[in-house]
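Only one structure is covered here, and it is reproduced in the block below.
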Amino acid sequence: MEIAGLQFLVAESEPVQRELLAGVLRSAGAQHIHFAPDGHAALRMLQAPLADSGAAIDIVVIDLALAGMDGLELIRRLAEARCRAGLIVVGAQSGDILFSVETMALAYGVDLLGAVAKPVSAPRLEALAANYTRPADAAAPPAATAFTFAEVGKGLQAREFDPFFQPKIELETGQVKGLEMFARWRHPQHGMLGPAAFMPALEEAGRIDFLDWSMIEKSVAACRTLHDQGMPISFSINVDPGTLSHPQFIAQIGACLDRHRILPGYITFEITESAVLQTDPHLLERLLRLRMMGFGLAIDDYGTGRSNLQLLASIPFSELKIDRSFVDGASRKRAIGTVLKSYLGLARSLDRMSCAVGVETKQDWDFLQGLGCTYAQGYYIASPMPVDEFPKWLVEWRQFF
Numbered sequence: 001m002e003i004a005g006l007q008f009l010v011a012e013s014e015p016v017q018r019e020l021l022a023g024v025l026r027s028a029g030a031q032h033i034h035f036a037p038d039g040h041a042a043l044r045m046l047q048a049p050l051a052d053s054g055a056a057i058d059i060v061v062i063d064l065a066l067a068g069m070d071g072l073e074l075i076r077r078l079a080e081a082r083c084r085a086g087l088i089v090v091g092a093q094s095g096d097i098l099f100s101v102e103t104m105a106l107a108y109g110v111d112l113l114g115a116v117a118k119p120v121s122a123p124r125l126e127a128l129a130a131n132y133t134r135p136a137d138a139a140a141p142p143a144a145t146a147f148t149f150a151e152v153g154k155g156l157q158a159r160e161f162d163p164f165f166q167p168k169i170e171l172e173t174g175q176v177k178g179l180e181m182f183a184r185w186r187h188p189q190h191g192m193l194g195p196a197a198f199m200p201a202l203e204e205a206g207r208i209d210f211l212d213w214s215m216i217e218k219s220v221a222a223c224r225t226l227h228d229q230g231m232p233i234s235f236s237i238n239v240d241p242g243t244l245s246h247p248q249f250i251a252q253i254g255a256c257l258d259r260h261r262i263l264p265g266y267i268t269f270e271i272t273e274s275a276v277l278q279t280d281p282h283l284l285e286r287l288l289r290l291r292m293m294g295f296g297l298a299i300d301d302y303g304t305g306r307s308n309l310q311l312l313a314s315i316p317f318s319e320l321k322i323d324r325s326f327v328d329g330a331s332r333k334r335a336i337g338t339v340l341k342s343y344l345g346l347a348r349s350l351d352r353m354s355c356a357v358g359v360e361t362k363q364d365w366d367f368l369q370g371l372g373c374t375y376a377q378g379y380y381i382a383s384p385m386p387v388d389e390f391p392k393w394l395v396e397w398r399q400f401f
């Protein structure tokens, strides 16, 4: 939104520096500027509506050397208070210190717009303020319905579970290169339900394989359907390690592909990073067999675990899927962008494909293109959809590109 309509708070202890920052904001177009001489005053002002207008602070400019409560503590306290204001950190410190401050702030979960060294220029401050999006009023989420394992099992037996598919796009060409499967429950009373409604019951019972095999069978059948319509596209299917570990998995997946006349190269199994952190030789053998048969293997949610390069190199995966927490906003937030670049560089160094998950805006898309990421997925491209909706979407996408 326009900078003139935003409420700014300058948290700076030195009067001369306060006026300098206010002048920079005014030259950038700000019209509503408030002041806090120390961290405690800033915290009070950010926790209550402004006395003169009843509005809330939109953006706070925080000097790291604040009196009373320094900038680092203020950031922590704002995170604990779930402050929704955008934060711009300024300081006389070196670039590497400011970068570490950005990383810390993002880890706390605040809306960090960026960090900038003094003296601050109007264009730089204006560019950081442009990253701010006023948060919508959060509605209370509806209470989640808890289902028992018996209820979920009954739904599976009644074939109420269906795979939905989200396109995966090659960033360099804009071509659709695959579809990732997401399980959905068409509940007769509660409507369409996502994994949060049924996964806890399956996990508690240790029977995620019930869902996995239902989705594998239906996804491979969907793959056959599109192939018969002249769309030989690849499918990605999330699989639990417990399902993979079953002694009959290799034989069963082979029989499934034979039934639907699909070659292994059209199927990629996605396994979360946390699942491959273990060094179980049986799992590694199973993964090796799948790769030798021609299946693709993707490490999903990469960045959320603690894998090291040696362990990662030992897994025969073909694709690295980078978690959405390192994609959404990476173009605007330097610390996230730096981590994203390192993950993409890791994929290239291991000669693997990379896929960024959670692409929500054209800005994210353009940023990933510039970094040389292989594939992208997210709501900017498409929401997960039933397989019968894909052909129509594909025609529209090809017109767009």
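With UniProt numbering, letter number 251 in the sequence shown gets 251, and the count goes up by one each step, no holes. From the three backbone atoms N, C-alpha and C, an ideal C-beta is built for every residue, glycine too.
### Task
Mark E273 as exposed unless 16 or more other C-beta atoms lie within 10 angstroms of its C-beta, in which case mark it buried.
One-based indexing of the sequence shown puts residue 273 at position 273. Counting Cβ neighbours within 10 Å, E273 comes out buried, since at least 16 surround it.
### Task
Report the rounded CA-to-CA distance for H282 versus G109, giving the unit in angstroms.
The sequence position of residue 282 within the sequence shown is 282, counting from 1. The sequence position of residue 109 within the sequence shown is 109, counting from 1. Taking the straight line from one Cα to the other gives about 38 angstroms.
### Message
Please give the ranges of any alpha helix (DSSP H) in the segment 321–390, keeping only runs that are unbroken, at least 4 residues long and fully inside the region.
### Response
334–349, 362–371
### Query
Which residues does DSSP pair with Y302 in a beta bridge?
Within the sequence shown, numbered from 1, the residue matching residue 302 stands at position 302. I322.
### Query
For E14, which residues of its own chain have a beta-carbon under 7 angstroms away from its beta-carbon, when the five flanking residues on both sides are left out?
Translated into positions along the sequence shown, residue 14 becomes position 14. Excluding sequence neighbours, E14 sits near nothing in its chain.
### Task
Report the option in E80, A81, G230, V101 whose CA atom is closest to the CA atom of I89.
Position 89 of the sequence shown, counted from the start, is the residue given in the question as residue 89. According to the sequence shown, residue 89 is Val rather than Ile. The residue with the shortest Cα to Cα distance from V89 is V101.
### Message
Quick check: L340 and G372, are their CB atoms within less than 8 angstroms of each other?
### Response
Sequence index remark: in the sequence shown, residue 340 carries index 340 (1-based). Sequence index remark: in the sequence shown, residue 372 carries index 372 (1-based). Result no, Cβ atoms of L340 and G372 do not sit closer than 8 angstroms.
### Task
Output the distance between the C-alpha atoms of I267 and S236, rounded to the nearest integer angstrom.
Within the sequence shown, numbered from 1, the residue matching residue 267 stands at position 267. Within the sequence shown, numbered from 1, the residue matching residue 236 stands at position 236. One C-alpha to the other measures close to 6 angstroms.
### Query
Alpha carbon to alpha carbon, what distance is there between F326 and D212?
As a position in the sequence shown, residue 212 is number 212, starting the count at 1. As a position in the sequence shown, residue 326 is number 326, starting the count at 1. Each residue's alpha carbon lies about 27 angstroms from the other.
#### Entry: T133 classed as buried or exposed, judged by whether at least 16 other C-beta atoms fall within 10 angstroms
Position 133 of the sequence shown holds residue 133. Looking at its Cβ environment, which holds fewer than 16 other Cβ atoms inside 10 Å, T133 is exposed.
#### Entry: DSSP three-state assignment for M45, whether helix, strand or coil
Numbered from 1 along the sequence shown, position 45 holds the residue referred to as residue 45. Three-state result, M45: helix.
### Task
Write down every uninterrupted run of the beta strand (DSSP E) in the segment 177–260 whose length is 3 residues or greater and which is fully enclosed by it, in chain order.
191–193, 235–238
### Query
Which residues share a DSSP beta bridge with L87?
To locate residue 87, count along the sequence shown from 1; it is residue 87. In DSSP, L87 forms a bridge with V60, L112.
### Query
Taking C-alpha atoms, which residue in L179, V116, S245 lies nearest to G95?
In the sequence shown, residue 95 corresponds to position 95, counting from 1. It is V116 whose Cα lies nearest to the Cα of G95.
### Task
May I ask which residues mark the beginning and end of the alpha helix (DSSP H) holding A122?
Along the sequence shown, read from residue 1 onward, the residue named residue 122 stands at position 122. Run containing A122: 122–129, per the alpha helix (DSSP H) assignment.
### Task
Compute the Euclidean distance between the alpha carbons of E270 and F99, then round it to the nearest angstrom.
As a first step, residue 270 is located in the sequence shown; it is residue number 270 there, counting from the start. As a first step, residue 99 is located in the sequence shown; it is residue number 99 there, counting from the start. If I take the Cα positions, the gap works out to 33 angstroms.
### Query
Is Q399 helix, strand or coil when you go by DSSP?
Against the sequence shown, residue 399 aligns to sequence position 399. Reduced to three states, the DSSP call for Q399 is helix.
### Message
Suppose the cutoff is 6 angstroms on Cβ atoms and the five residues either side in sequence are ignored; what does the same chain contact list for P316 look like?
### Response
Along the sequence shown, one-based indexing puts residue 316 at 316. If we look at P316 and ignore the five residues flanking it on each side, its Cβ neighbours are L287, L288, R291.
### Query
Anyone know if the C-beta pair for D364 and S331 falls short of 8 angstroms?
Taking the sequence shown and counting its residues from 1, one reaches residue 364 at position 364. Taking the sequence shown and counting its residues from 1, one reaches residue 331 at position 331. Yes, these two residues count as a Cβ contact at 8 angstroms.
### Query
So, G298 versus L350, is the Cβ gap smaller than 8 angstroms?
Taking the first residue of the sequence shown as position 1, residue 298 is located at position 298. Taking the first residue of the sequence shown as position 1, residue 350 is located at position 350. According to the sequence as given, residue 298 is Ala; it is not Gly. No Cβ-Cβ contact shorter than 8 angstroms links A298 with L350.
### Task
Count the other CB atoms, across all protein chains shown, that sit within 10 Å of the CB of P167; report buried if there are 16 or more and exposed otherwise.
Stepping through the sequence shown from its first residue, residue 167 is reached at position 167. So P167 ends up on the buried side.
### Query
CA-CA distance, P141 and I233?
Taking the sequence shown and counting its residues from 1, one reaches residue 141 at position 141. Taking the sequence shown and counting its residues from 1, one reaches residue 233 at position 233. Its pLDDT being 49, under 50, P141 is placed unreliably by the model, and nothing is read from it.
### Task
Report yes if the C-beta distance between F149 and A205 is below 8 angstroms; otherwise report no.
Within the sequence shown, numbered from 1, the residue matching residue 149 stands at position 149. Within the sequence shown, numbered from 1, the residue matching residue 205 stands at position 205. Contact: yes.
### Task
Label S219 either buried or exposed according to how many other C-beta atoms from any shown protein chain fall within 10 Å of its C-beta, with 16 as the threshold for buried.
Reading the sequence shown from its first residue, position 219 is the one you call residue 219. It is buried - the Cβ of S219 has at least 16 other Cβ atoms within 10 Å.
### Query
In chain order, what residues of the same chain lie with their CB nearer than 7 angstroms to the CB of D38, ignoring the 5 residues before and after it?
Within the sequence shown, numbered from 1, the residue matching residue 38 stands at position 38. So the list reads S13, L66, A67, G68, M69, once near-sequence residues are dropped.
### Message
Here's a check: name, in chain order, each residue in its chain whose Cβ is nearer than 8 angstroms to the Cβ of H190, leaving out the five neighbours to either side.
### Response
In the sequence shown, counting from the first residue as 1, residue 190 sits at position 190. The residues are T145, A197.
### Task
Count the C-beta pairs between the segment 21–30 and the segment 119–126 that are closer than 8 angstroms, then say yes if the count reaches three, no if not.
In this structure the segment 21–30 touches the segment 119–126; the number of beta carbon pairs closer than 8 angstroms is three or more.
### Query
Just how far apart, CA to CA, sit E19 and A107?
In the sequence shown, residue 19 corresponds to position 19, counting from 1. In the sequence shown, residue 107 corresponds to position 107, counting from 1. So the two alpha carbons sit approximately 31 angstroms from each other.
### Task
Compute the Euclidean distance between the alpha carbons of L113 and I208, then round it to the nearest angstrom.
Within the sequence shown, residue 113 is the residue found at index 113, counting from 1. Within the sequence shown, residue 208 is the residue found at index 208, counting from 1. Roughly 40 angstroms between the two C-alpha positions.
### Task
Go through its chain and collect everything with a Cβ distance to R76's Cβ below 8 angstroms, but skip five positions before and after it.
Counting from one through the sequence shown, the residue named residue 76 turns up at place 76. Cβ neighbours of R76 beyond the five flanking positions: Y108.
### Query
For G296, which option in F182, R159, N238 has the closest C-alpha, if you only look at C-alpha atoms?
In the sequence shown, counting from the first residue as 1, residue 296 sits at position 296. Of the listed residues, the one whose Cα sits closest to G296 is N238.
### Query
Does the beta-carbon of P49 have 16 or more other beta-carbons within 10 angstroms, so that it is buried, or is it exposed?
Sequence index remark: in the sequence shown, residue 49 carries index 49 (1-based). When all chains shown are included, P49 counts as exposed.
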